[in-house]
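Enquirer: Structure in structure tokens, see below.
Numbering (this note's numbering), first residue to last: 54 to 295.
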């Protein structure tokens with residue numbers, strides 16, 4: 054079972070605005086807060102509990118221990134992440150309609166979530182990603198995260214990065230092709246079709262299949278521009294670098 058601290062406070066501007074990762078003490082400050090909103094009724098019911106169970110699809114997947122509740126300052130949250138509070142933005146609408154409280158605590162994972170959509174083999178944990186890199190004798194890893202099918206511009210960037218790493222003396226650079234696997238807008242290309250396109254790109258040799266790992270990045274798409282880019286970069290780095 055995996056246990057980690059899930060801290061979800063956005064009580065102050067300092068928390069929302071910090072951009073520096075502090076890995077020496079285990080704290081990673083991100084531009085996008087990871088939050089678990091709950092309703093006022095849930096807060097009243099659960100406050101004072103030493104722990105409670107989190108479920109997914111009717112199954113118990115985790116225990117949240119020593120929970121703490123924080124006011125969900127929705128407008129402050131949206132202003133820092135998106136620079137606006139306009140509810141016409143799809144994710145801002147979700148935030149505004151979510152619970153008025155946030156909860157965090159020590160998270161003990163009981164069961165790995167499976168989507169049973171034929172793509173679970175691509176949903177790798179950080180430890181599994183690092184193991185794959187070791188098996189491929191990687192001496193450098195470069196990641197490319199995207200929510201769209203690979204187009205020519207993407208391919209050229211990845212090919213050029215590999216070439217530059219080889220020129221710098223690395224012998225086994227490995228590409229982590231990291232398609233976004235969480236929520237996206239209805240008019241975005243569905244994940245299953247993107248995965249088929251990524252497979253075709255590898256089969257046709259546009260990218261080298263022998264030096265590429267395809268793994269789904271589980272985050273939703275927030276459509277938050279540069280703020281999201283910073284958050285995704287930090288998350289991706291720590292998925293393969295810790």
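Glycine residues also receive a C-beta, built at the ideal position from the N, C-alpha and C atoms.
Who are residue 100's beta bridge partners in DSSP?
Expert: Here residue 100 refers to the residue found at position 47 when the chain shown is read from its first residue. Per DSSP, none; premise fails for residue 100.
Enquirer: Would you mind sorting residue 163 into buried or exposed? The rule is 16 or more other CB atoms within 10 Å of its CB.
Expert: In the chain shown, residue 163 corresponds to position 110, counting from 1. Exposed is the call here.
Enquirer: Starting from residue 250, trace the alpha helix (DSSP H) in both directions and tell me its first and last residue.
Expert: Within the chain shown, the letter at position 197 stands for residue 250. Residue 250 -> alpha helix (DSSP H) spans 244–256.
Enquirer: Using CA atoms only, rank isn't needed, just tell me which of 133, 155, 156, 241 is closest to residue 145.
Expert: Translated into positions along the chain shown, residue 145 becomes position 92. That would be 133, whose Cα lies nearest to the Cα of residue 145.
Enquirer: Give, in chain order, every unbroken run of the beta strand (DSSP E) that is at least 3 residues long and sits entirely within the segment 123–201.
Expert: Whole beta strand (DSSP E) segments, 3+ residues: 154–162, 193–199.
Enquirer: Could you give the distance in angstroms between the alpha-carbon of residue 75 and the alpha-carbon of residue 160?
Expert: Here the question's residue 75 lines up with position 22 in the chain shown. Here the question's residue 160 lines up with position 107 in the chain shown. Note that residue 75 scores 45 on pLDDT, short of 50, meaning its location in the model is unreliable and no value can be drawn from it.
Enquirer: Taking the beta strand (DSSP E) that residue 207 falls in, what are its first and last residues?
Expert: Residue 207 sits at position 154 when you count from the first residue of the chain shown. Careful: residue 207 lies outside any beta strand (DSSP E), inside the alpha helix (DSSP H) at 205–220.
Enquirer: Can you have a look at residue 272 and say buried or exposed, based on whether 16 or more other CB atoms are within 10 angstroms of its CB?
Expert: Your numbering for residue 272 matches position 219 in the chain shown. Buried: at least 16 other Cβ atoms inside 10 Å.
Enquirer: Using the beta-carbon count (16 or more within 10 Å), is residue 179 buried or exposed?
Expert: Counted from its first residue, the chain shown places residue 179 at position 126. That one is exposed.
Enquirer: In three-state DSSP terms, what is residue 93?
Expert: Locating residue 93 in the chain shown gives position 40, counting from the first residue. Helix.
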